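Read the structure below first, then the notes.
There are 2 protein chains.
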Amino acid sequence: MEVGSSKRKNYPVPEPALRRMPCYLAYLKQEHRKGSKYVSSTLIARDNGVDPTQVTKDLSYTGIAGKTRVGYEVAPLIDALENFLGFRVMDKAFLFGAGSLGTALLHDHGLVQYGLKIDAAFDVDPKVLGNEISGVKIFHIDDFIKKPQSDVEIGILTVPAQKAQDVAEIMINNGIKAIWNFTPVRIKVPENIVVQNTSLYAHLAVMFNRLNSLPEEK
Amino acid sequence: MEVGSSKRKNYPVPEPALRRMPCYLAYLKQEHRKGSKYVSSTLIARDNGVDPTQVTKDLSYTGIAGKTRVGYEVAPLIDALENFLGFRVMDKAFLFGAGSLGTALLHDHGLVQYGLKIDAAFDVDPKVLGNEISGVKIFHIDDFIKKPQSDVEIGILTVPAQKAQDVAEIMINNGIKAIWNFTPVRIKVPENIVVQNTSLYAHLAVMFNRLNSLPEEK
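Going down the list, the sequences are from chains S and U. When you line the first sequence up against my numbering, it's residues 1 to 218, in that order. When you line the second sequence up against my numbering, it's residues 1001 to 1218, in that order.
Okay, structure coming up:
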């Protein structure tokens, strides 16, 4: 895996397409494991609950096209998708807020496989400062502000909701370009800052509602 | 907090509205902390980057309406939102796959505050069986199949992608009604089963693409 951020050469791709691509990737890896050499867009479409035209369009962003009758060659398509999605270049990140959810993310080694390595964590709670979780040390947020310029451009925001906006501003003022926001707060940021919202509890709310709307069993 | 699933009396609400509600909730809690007694839909709208009409419509699902000129009374609206979103009734869940991400979720005590308590975890890896993480014990998946009928209706799916469909079927065949799917696989389920997809790595892909599409700095 390459290290660094030599990958700033993309153009923005529609979010729904980007979100479907990791599903295709997981699917192709399964096919690869089963020994499939080729797979058709019809099959990818059927097994992922998507329209075949959509599959062709989504995959075209990677620069790979299927061949008539045989379809896509599995191994090169896996490579192309992983490269395209940025999973093969290792990006560094700082984590802000080493509470319960922050700690949970530090335990998730899966992130590294997808190209994200957490380099350091920051908090203000004396009880956690100096601790190390999965090899990542927790520093005081002031150490982030005082640190020399770094090449870390991604910040993971897992502070309590009432601190989200303040900490986001500290992040931005100190070189963070993309914020992965796990708080339920809609943070306000300048135009040139990327925000990716991932509110687990919002997903939970949707799931509860759907479960509670199921017809009662007899 | 109530325990049990006496809450199956909802009707399905559009997903975008459900997803916005936890943002309003976080916002209202902040206002409450600041001592605000009332807050207008205009203010909620402005601070959450939503249209005021949208706010009024979203909040109307809770059964609470704002009053002319004063707006919404903060404390009762917080109660109504938490009740409506199912965060005040404790639902039990089983976790399937105590690998890296599964373990991470077991470390997140935040889930309990939002009404989800993980009762037991299941895996097949002898290295983790019998372990206890944050008070949750890890059993063999066969113990799930052999267990007497339980009132647990929610299953969290954090197994490796290639096991996702098989394990989902085991879950469904043994009483699970709602699957919180953290794998990138689009699992196939019968119509009466709820699936909530939360692929962290899909979000990561979107963030990478946006970051890499930022204009190069001079």
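Note that CB positions come from ideal geometry on N, CA and C, so glycine has one too. As the structure is a prediction and not an experimental result, all values here were calculated from the model.
Proximity to S/His140 [Cα-Cα], best of S/Pro148, S/Leu129, S/Ser134 and S/Ile133: Along the first sequence, read from residue 1 onward, the residue named residue 140 of chain S stands at position 140. Nearest C-alpha to S/His140: S/Leu129.
Complete runs of the alpha helix (DSSP H) confined to the segment 78 to 155 of chain S [at least 4 residues]: 100 to 107, 110 to 113 and 141 to 146
Within-9 angstroms CB hit, U/Lys1218 to chain S: Residue 1218 of chain U sits at position 218 when you count from the first residue of the second sequence. Any reading at U/Lys1218 is ruled out, since the residue's pLDDT is 48, under 50, leaving its predicted position unreliable.
Spatial distance of U/Ala1121 from U/Phe1096 (CA atoms): Locating residue 1121 of chain U in the second sequence gives position 121, where the first residue counts as 1. Locating residue 1096 of chain U in the second sequence gives position 96, where the first residue counts as 1. Taking the straight line joining both Cα atoms gives about 6 angstroms.
Closest by C-alpha distance to S/Gly110, when choosing among U/Asp1143, U/Gly1049 and U/Pro1160: Your numbering for residue 110 of chain S matches position 110 in the first sequence. Closest by alpha carbon: U/Pro1160.
Separation of S/Val13 from U/Ala1075, as counted between CA atoms: The residue labelled residue 1075 of chain U in the question sits at position 75 within the second sequence. The residue labelled residue 13 of chain S in the question sits at position 13 within the first sequence. Roughly 42 angstroms separates the two Cα atoms.
S/Ile118 beta carbon less than 9 angstroms from that of S/Ala93: Walking along the first sequence from the start, residue 93 of chain S turns up at place 93. Walking along the first sequence from the start, residue 118 of chain S turns up at place 118. Against a cut-off of 9 angstroms, the Cβ pair of S/Ile118 and S/Ala93 comes out as a contact.
Beta-bridge pairing of U/Gln1030 - partner residues as DSSP gives them: Working through the second sequence from its first residue, we reach residue 1030 of chain U at position 30. Bridge partners of U/Gln1030: none, in fact.
Residues near S/Ser40 by beta carbon distance below 6 angstroms, same chain, minus five either side: Taking the first sequence and counting its residues from 1, the one referred to as residue 40 of chain S is at position 40. Only Gly71 meet the Cβ criterion.
Run of the beta strand (DSSP E) containing S/Val195, from where it starts to where it stops: The residue you call residue 195 of chain S lines up with position 195 of the first sequence. That run of the beta strand (DSSP E) goes Val194 to Asn197.
Three-state class that DSSP yields for S/Val167 in the structure shown: On the first sequence, position 167 is the one that residue 167 of chain S refers to. DSSP places S/Val167 in helix when its eight states are reduced to three.
Contacting positions in the segment 189 to 202 of chain S - beta carbon closer than 7 angstroms to chain U: Asn192, Val194, Gln196, Thr198, Ser199, Leu200, Tyr201 and Ala202
Chain-ordered neighbours of U/Met1207 on chain S, where CB pairs are closer than 7 angstroms: Here residue 1207 of chain U is taken as the residue at index 207 of the second sequence, counted from 1. Simply Ala178, Trp180, Val194 and Gln196.
DSSP bridge partner residues for S/Ala178 (one or two, in chain order): As a first step, residue 178 of chain S is located in the first sequence; it is residue number 178 there, counting from the start. Paired residue(s): S/Ile154 and S/Val194.
Residues sharing a beta bridge with S/Lys188, DSSP: On the first sequence, residue 188 of chain S is found 188 positions in, with the first residue counted as 1. In DSSP, S/Lys188 forms no bridge with anything.
Closer than 9 angstroms to chain S by CB, U/Val1152: Here residue 1152 of chain U refers to the residue found at position 152 of the second sequence. Taking Cβ atoms only, chain S never reaches closer than 9 angstroms to U/Val1152, which makes this a no.
Against chain S: residues of the segment 1101 to 1114 of chain U by CB proximity under 7 angstroms: Leu1101, Thr1103, Ala1104, Leu1105, His1107, Asp1108, His1109, Gly1110 and Tyr1114
Reduced DSSP secondary structure (H/G/I, E/B, other) of U/Tyr1038: For the purposes of this step, residue 1038 of chain U is taken as the residue at position 38 of the second sequence. Of the three classes helix, strand and coil, the one that applies to U/Tyr1038 here is strand, per DSSP.
Contact the segment 1165 to 1185 of chain U vs the segment 1196 to 1207 of chain U: 3+ CB pairs below 8 angstroms: yes
Pairwise C-alpha distance: S/Arg69 and S/Ala104: Here residue 104 of chain S refers to the residue found at position 104 when the first sequence is read from its first residue. Here residue 69 of chain S refers to the residue found at position 69 when the first sequence is read from its first residue. If I take the Cα positions, the gap works out to 46 angstroms.
is_contact[S/Leu18, chain U] using C-beta, thresh 9 angstroms: Working through the first sequence from its first residue, we reach residue 18 of chain S at position 18. Chain U, which has a Cβ nearer than 9 angstroms to the Cβ of S/Leu18, makes this yes.
Cβ-based burial, S/Gly4 [other Cβ within 10 Å; buried from 16]: Indexing the first sequence from 1 puts residue 4 of chain S at position 4. Low confidence applies to S/Gly4: its pLDDT is 47, below 50, so where it sits in the model is not reliable, and the reading given next is rough at best. It is exposed - the Cβ of S/Gly4 has fewer than 16 other Cβ atoms within 10 Å.
Proximal residues to S/Thr56 (C-beta, below 6 angstroms), its chain only, five neighbours per side dropped: Residue mapping note: residue 56 of chain S aligns to position 56 of the first sequence, counting from 1. Ser41, listed in sequence order.
Of the residues U/Arg1020, U/Lys1146 and U/Asp1142, the one placed nearest U/Phe1084, counting alpha carbons only: As a position in the second sequence, residue 1084 of chain U is number 84, starting the count at 1. Looking at the Cα atoms, U/Arg1020 is the closest of the given residues.
U/Thr1056: first and last residue of the uninterrupted alpha helix (DSSP H) it sits in: Position 56 of the second sequence, counting from 1, holds the residue named residue 1056 of chain U. Its alpha helix (DSSP H) spans residues Pro1052 to Ser1060.
Helix, strand or coil at S/Glu73 [DSSP, three-state]: The sequence position of residue 73 of chain S within the first sequence is 73, counting from 1. It is a strand residue.
Environment of S/Lys67 [buried if 16+ CB atoms lie within 10 Å]: Taking the first sequence and counting its residues from 1, one reaches residue 67 of chain S at position 67. S/Lys67 is exposed by the Cβ-count criterion.
Per-residue contacts from U/Lys1029 into chain S (C-beta, under 8 angstroms): The count along the second sequence starts at 1 and reaches residue 1029 of chain U at position 29. Within 8 angstroms Cβ-Cβ: Ala161 and Gln162.
Beta-carbon proximity list for U/Leu1101, same chain, < 8 angstroms, skipping 5 on both sides: Here residue 1101 of chain U refers to the residue found at position 101 of the second sequence. Thr1158, Phe1182 and Leu1200, listed in sequence order.
Through-space distance from U/Leu1116 to U/Glu1191, alpha-carbon basis: What you label residue 1191 of chain U is simply residue 191 of the second sequence in a count that begins at 1. What you label residue 1116 of chain U is simply residue 116 of the second sequence in a count that begins at 1. Approximately 23 angstroms between the Cα atoms of the pair.
N-terminal and C-terminal residue of the alpha helix (DSSP H) that U/Tyr1011 is part of: Within the second sequence, the letter at position 11 stands for residue 1011 of chain U. Element bounds for U/Tyr1011: n/a, residue is neither H nor E.
The segment 1047 to 1061 of chain U: positions lying closer than 9 angstroms to chain S by Cβ: Asp1047, Asn1048, Gly1049 and Val1050
9 angstroms Cβ cutoff, S/Leu85 in contact with chain U: Position 85 of the first sequence, counted from the start, is the residue given in the question as residue 85 of chain S. Closer than 9 angstroms to some Cβ of chain U, the Cβ of S/Leu85 qualifies, so yes.
Distance between U/Gln1149 and U/Gly998 (C-alpha atoms, nearest Å): A query on residue 998 of chain U cannot be resolved here, the shown segment of chain U reaching from 1001 to 1218 and no further.
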